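Let me begin by presenting the structure, written as structure tokens, before commenting on it.
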Amino acid sequence: MSRKGGRRALSDDDSCFLDVEKKLDDALRGEHYDSIKDHVNPRILSSCKTNALFKAFEVKKKITDIPDSGGAERNEFETLANSVDEFTAALIHPLKSDDHARRTFSSCLETVMEKAIDTEQKKFISHPVIYKLLEAKWYGSFASLRKSSATSLRFWKYILLNIWAVFDFFLFPFLLTFFFMIRQIKIRSRKMTDTEVCFAISLSGQASEETFALIKKSINYIVHQYGCHSTNYCIMLRQDDHVPITSITFEFEDATETDIFNKVNKLTKPTAIRPLLCNDLRAVRDAFKSPRVRLESKKVLIVFVNDLSNVEGVRVVIEEIREMDVQLVAVGFGEQANLNELENITERDALHFEEFESARTLGTAVIQDLEGKDIYEIYVDYFTTPYFIFLRDTLSAVALLGLHFAICLTPSAIAFTSIEWVVLLFFLGRIVMVADQFICAIKTERKLAIRKRHRCLKNASYEECSDPNQKADSSNVKIALRKFVNYCNDPWHVCDVVILIIYIVTATLRMLTWVSSSSVSGNRTLAITGYLYGLIALFLTERAFGHVMEVDRGMGAIQIAVFVILKDLRTIFWLFIATVLGFSLVITKIFMVETSYISSGNSHNDRWWNITRHLARSLLGMTSLTPFETLEERSPSAILANLLYLMFLVMGVILLVNMMIALLSNTYQKVQNNALQEWSFKKAVTIKTYSARHPAPVPFNLVTMPLIAVFRMCQRCLCKMKSSEMPGVQEEGRDAALDKLVEKLQRTYFATYGYSFPLTDEGKIDEVLHETDGNRKMCSQIIRRVFEPSTLGQTNVPNGTIEWESRGIGIEGSMLTYGGSSSCDICEMWNHSWAHHGARGLGPFTPEIPRFEVLIQESGERRIIAIGAVYEGYNCHFMPGWKEGTVGYHADDGRIFEPSCRQQGKEVPDAMAYRGDLMACEVNFEDAENDLVPVTFFKNSTEVARTSLKFIPDHTKLFPFIGMGYAGIRVLAKMCPRHGQQAHRPADAINIPKDTDVQEKLNILREEMKGMEMIRKQEVKELESKLLYEIRQLTRAIREKNI
27 MSRKGGRRAL SDDDSCFLDV EKKLDDALRG EHYDSIKDHV NPRILSSCKT
77 NALFKAFEVK KKITDIPDSG GAERNEFETL ANSVDEFTAA LIHPLKSDDH
127 ARRTFSSCLE TVMEKAIDTE QKKFISHPVI YKLLEAKWYG SFASLRKSSA
177 TSLRFWKYIL LNIWAVFDFF LFPFLLTFFF MIRQIKIRSR KMTDTEVCFA
227 ISLSGQASEE TFALIKKSIN YIVHQYGCHS TNYCIMLRQD DHVPITSITF
277 EFEDATETDI FNKVNKLTKP TAIRPLLCND LRAVRDAFKS PRVRLESKKV
327 LIVFVNDLSN VEGVRVVIEE IREMDVQLVA VGFGEQANLN ELENITERDA
377 LHFEEFESAR TLGTAVIQDL EGKDIYEIYV DYFTTPYFIF LRDTLSAVAL
427 LGLHFAICLT PSAIAFTSIE WVVLLFFLGR IVMVADQFIC AIKTERKLAI
477 RKRHRCLKNA SYEECSDPNQ KADSSNVKIA LRKFVNYCND PWHVCDVVIL
527 IIYIVTATLR MLTWVSSSSV SGNRTLAITG YLYGLIALFL TERAFGHVME
577 VDRGMGAIQI AVFVILKDLR TIFWLFIATV LGFSLVITKI FMVETSYISS
627 GNSHNDRWWN ITRHLARSLL GMTSLTPFET LEERSPSAIL ANLLYLMFLV
677 MGVILLVNMM IALLSNTYQK VQNNALQEWS FKKAVTIKTY SARHPAPVPF
727 NLVTMPLIAV FRMCQRCLCK MKSSEMPGVQ EEGRDAALDK LVEKLQRTYF
777 ATYGYSFPLT DEGKIDEVLH ETDGNRKMCS QIIRRVFEPS TLGQTNVPNG
827 TIEWESRGIG IEGSMLTYGG SSSCDICEMW NHSWAHHGAR GLGPFTPEIP
877 RFEVLIQESG ERRIIAIGAV YEGYNCHFMP GWKEGTVGYH ADDGRIFEPS
927 CRQQGKEVPD AMAYRGDLMA CEVNFEDAEN DLVPVTFFKN STEVARTSLK
977 FIPDHTKLFP FIGMGYAGIR VLAKMCPRHG QQAHRPADAI NIPKDTDVQE
1027 KLNILREEMK GMEMIRKQEV KELESKLLYE IRQLTRAIRE KNI
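So the sequence shown is residues 27 to 1069, counted in my numbering.
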């Protein structure tokens, strides 16, 4: 179990990652099942340079594409693909309970969903975590209104917003202009209000440079929004563990924005080792007592913090600050500044951001927390919410359908009608909308390619560097083609493209008729345009109503099944065509032969077409023998024709029709069995589409999109937008945060499942066998070893078990059970929940009893168990091996933590321990030399690893230690003699009388024996030194003589 995550810098180990990924990709390209199965497992997926989540996406996609090319191993490939699916679902499962990790993942959701949709990860998208995040993105800040009770006012507000979308379709330009004017008045009023703003930067040395840079840019943004006309500023920053430095005070008079920007930009990241939030807030409290602070002014305190491990006395100081009428906004960064804990300390809502967020986003959130959202921000939030964009787009499609309904009821005319001109505007808007989507997709793809090349230079990823044609693949043409293919994977997008193509043909023909024709009568081109208008109305009807049905969870599965069934109809259609064509040809030939036989020279060119139509009608139940009555009733041709027609009815009407019914029923049942996955995937595609779509509905986008393009061009030309005001996030920082999060999820996964895939339905029997095997091993261990602690060299309680110093560990005889923070006095005292708790034996390892054994009775869900040797006074909230002077063997990941591998640990094959396994730690005092004592770890009596610790006889004492980190863990522990030996105990040792004088004499004797042993060892060392010296002298003399 590693303490630190994060991807390492380029090193020799990176070449190992590249080799692993290259071998995996080579195996996938080879399409041999045995080779792929050997290379596809959680351990290899996590060892690739590409993060494990994205690599699993790619691997699953490639595996599912293999059976399409044929082969006899289809079922095996499907099972392996399902296992990879289970891996990705299990990997993100901890996000359900980890709020901070879920927020980080949510900020990276766009990148993850882009990859998941491209690789068709339906099971991943249907996971509860992803489903809730997508729902939150779909409804935005209005999701809570939708989930309110039907009797509450909030629910009716949501209903009103849906109804208002009808009017908003026409009124949004006026509303946006009106609300923007109100916003400008509010901004001006804010800058004219007397305000005292204090920024308290309370960071520990763990804060990154990116976090500190984001804080500085955010301060600049807030200063720009408040101005310097009526606002005074103060900045508190602690550079070290001493008194905070006030770089800007309220006494800083006549300061301009440029002056403050310069001072803020000169700030350097603090070097304080430990956070001192309480002291920083006391300095802020004193600053607000300055005579320069105006009594009637608005007072604001903005606190930036990244570590809440030392918050004693903070609440008292916050109350004192609030009594001075100061508004407080707390902003947290990183895992150590937990949002819930931050809100608990400040007793109000707090903010939490990652280092890759933009200063504009952070600064806007701070101002909104202080003043609330204004009407313009609320309306923009509503206007850009994907659900309401979808609603307006649907209304646009319905309006266009209504126009086509009017065209269908209107007689044809040569001149363009007013309705047709409006339809032309609608379709121009739809063409511009589709073009904008492609342009945005191409820009996004090119930005991703640039980020990949940049990361290639930094990390030399195999995926990003191994393809020599990467630059060629990133060309605009290929990107556009790839995006078009992805676009057409959605049936509704295909429907949109078909509608646009038909309308372009219709508009072209309509223009020709308008220019060249003078009469409606006999005008076939005009008639064709009328047909095409009707066809467009058909597709628009399906588009408008079908897409709404698909978004609804109840009707969505049925609509999805319709599309899947349409694909299956292609197979049946070709069978019907082949059957009708074959029988029509043979029956036609019979008629032609009979006609020639009766009267030569007669020709019937339409005979084949009549028979083909008759056979086609027969498939629909309209059977008749009328076409065959032209033949003589008992002639051979008539008999043969009737027999063939009967065979056609049996094959076509009975067999093929029933086969079609069975095939469609099977297809519908498959869709229903996977209804949640199929619907979730389609919903994700819809959310992705409308999240990137221009919010203005068609055809109003013909005005808004050029205006926005001109506005952005003016900004770039005039360079008015400061870096602190740029929207968006730092893409590279977000990618790095996602990689770090995935590595954290990997460690949780390995602690739960080891290096195996999660169980699928087929693997339940294997799990039962595994549990049975674990129980068998446990019974064997219990029978073979009786847990009766040795009494030699240990401090014992009256019942004969080891006495422990424990924190959060329940002790009952030889049984130790994880109790957690609720049973830890230190956690209760400091009001802090430590994840790990441990117990240290009060008696040290001795030469007589050098072995410590632990039998895992229950491993809990995560198997976070560790044993080892530690020094006296070791913190029971750390696992063994995490600190100098200790070593540890961790069961969850099978790693050995020793002085040379203290951060990540040393991986040992097959060292993971499970329920029923026996772990042991043995100190080999006999082999101690050069101030080092060997320490050996065992699993089920088999040596796992050997390491060493610093050891000075008679000065260093090593104590047994067991650490746990998850509920449900229970173990049996004892001290015992060295492996393979029995404790040396004199025959009369059992009956030694418990007399005080005798005990004192025995203690003196033991001390004398120890002293004699030390003298003997010293003499041996001196003798060895003399012998080595004489050997060196003799060797030197021999060399000189030879020379």
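In this text, a Cβ means the ideal position worked out from N, Cα and C, and glycines have one as well.
As the structure is a prediction and not an experimental result, all values here were calculated from the model.
{"Check": "Residue 1121, DSSP secondary structure in three states", "Outcome": "Nothing in the structure corresponds to residue 1121, since the chain is present only between 27 and 1069."}
{"Check": "Counterpart residues of residue 972 in DSSP-defined beta bridges", "Outcome": "962"}
{"Check": "Sub-8 Å separation of residue 388 and residue 564 beta-carbons", "Outcome": "no"}
{"Check": "Segments assigned alpha helix (DSSP H), at least 4 residues, entirely inside the stretch 77-155", "Outcome": "78-91, 100-118, 125-133, 135-144 and 148-151"}
{"Check": "Anticipated Cβ contact below 8 Å, residue 880 with residue 987, distance rounded", "Outcome": "Incorrect: roughly 10 Å between the Cβ atoms, too far for contact."}
{"Check": "Simplified DSSP assignment, three categories, for residue 723", "Outcome": "coil"}
{"Check": "C-beta atoms of residue 914 and residue 920 nearer than 8 Å", "Outcome": "no"}
{"Check": "CA-to-CA distance, residue 452 to residue 686, given in whole angstroms", "Outcome": "40 Å"}
{"Check": "Cα-Cα separation between residue 188 and residue 566, rounded to whole angstroms", "Outcome": "22 Å"}
{"Check": "Cβ shell of residue 369 (< 7 Å), same chain only, five flanking positions each side left out", "Outcome": "375 and 376"}
{"Check": "Integer-rounded CB distance, given that residue 941 should sit under 8 Å from residue 778", "Outcome": "Actually they do not touch by this definition, with Cβ atoms about 13 Å apart."}
{"Check": "Residue 232 (DSSP reduced to helix, strand or coil)", "Outcome": "coil"}
{"Check": "Cut-off 7 Å between Cβ atoms - residues of its own chain near residue 212, not counting five sequence neighbours on either side", "Outcome": "400"}
{"Check": "CB of residue 863 within 8 Å of CB of residue 834, strictly", "Outcome": "yes"}
{"Check": "Contact with chain C by residue 562, beta-carbon distance below 8 Å", "Outcome": "Among the chains in the structure shown there is no chain C, since it carries only a single protein chain."}
{"Check": "Residue 500 in three-state terms, based on DSSP", "Outcome": "Here the model assigns residue 500 a pLDDT of 48, short of 50, so the residue's position is not dependable and the matter cannot be decided."}
{"Check": "Touch test, the stretch 197-215 against the stretch 353-365, Cβ-Cβ under 8 Å, three pairs minimum", "Outcome": "no"}
{"Check": "At least three beta-carbon pairs within less than 8 Å, the stretch 540-551 to the stretch 459-472", "Outcome": "no"}
{"Check": "Whole-angstrom distance between residue 780 and residue 1049, CA atom to CA atom", "Outcome": "51 Å"}
{"Check": "Beta-carbon separation (whole angstroms), residue 416 vs residue 712, contact threshold 8 Å", "Outcome": "7 Å"}
{"Check": "Nearest-angstrom Cα separation, counted from residue 516 out to residue 587", "Outcome": "14 Å"}
{"Check": "Closest Cα partner of residue 735 within the set 568, 458, 298 and 46", "Outcome": "458"}
{"Check": "In DSSP terms, what residue 830 is bridged to", "Outcome": "867"}
{"Check": "Start-to-end residues for the alpha helix (DSSP H) that takes in residue 853", "Outcome": "851-856"}
{"Check": "As assigned by DSSP and simplified to three states, the class of residue 37", "Outcome": "Caution is warranted here: a pLDDT of 48 is assigned to residue 37, below 50, making its placement in the model unreliable, and the coordinate value is therefore given only provisionally. DSSP places residue 37 in coil when its eight states are reduced to three."}
{"Check": "Residue range of the alpha helix (DSSP H) that includes residue 941", "Outcome": "Per DSSP, residue 941 belongs to no alpha helix (DSSP H) and is neither H nor E."}
{"Check": "Straight-line gap, residue 878 to residue 830 (C-alpha atoms, nearest Å)", "Outcome": "13 Å"}
{"Check": "N-terminal and C-terminal residue of the alpha helix (DSSP H) that residue 696 is part of", "Outcome": "683-699"}
{"Check": "Sequence-distant residues of its chain with Cβ nearer than 8 Å to residue 575 (five each side left out)", "Outcome": "581, 582, 584 and 585"}
{"Check": "Contacting residues, own chain, Cβ-Cβ under 8 Å from residue 347 (five flanking each side not counted)", "Outcome": "307, 310, 311, 314, 327 and 354"}
{"Check": "Stretch-stretch touch, CB-based, cutoff 8 Å, three pairs: the stretch 438-446 with the stretch 212-225", "Outcome": "no"}
{"Check": "Endpoints, the alpha helix (DSSP H) within which residue 581 is located", "Outcome": "579-624"}
{"Check": "Range of the contiguous alpha helix (DSSP H) that encloses residue 390", "Outcome": "385-397"}
{"Check": "Nearest to residue 135 (by Cα), restricted to the options 717, 884 and 259", "Outcome": "717"}
{"Check": "Under the three-state DSSP convention, the category residue 901 falls into", "Outcome": "coil"}
{"Check": "Closest by C-alpha distance to residue 910, when choosing among 898, 918 and 1057", "Outcome": "898"}
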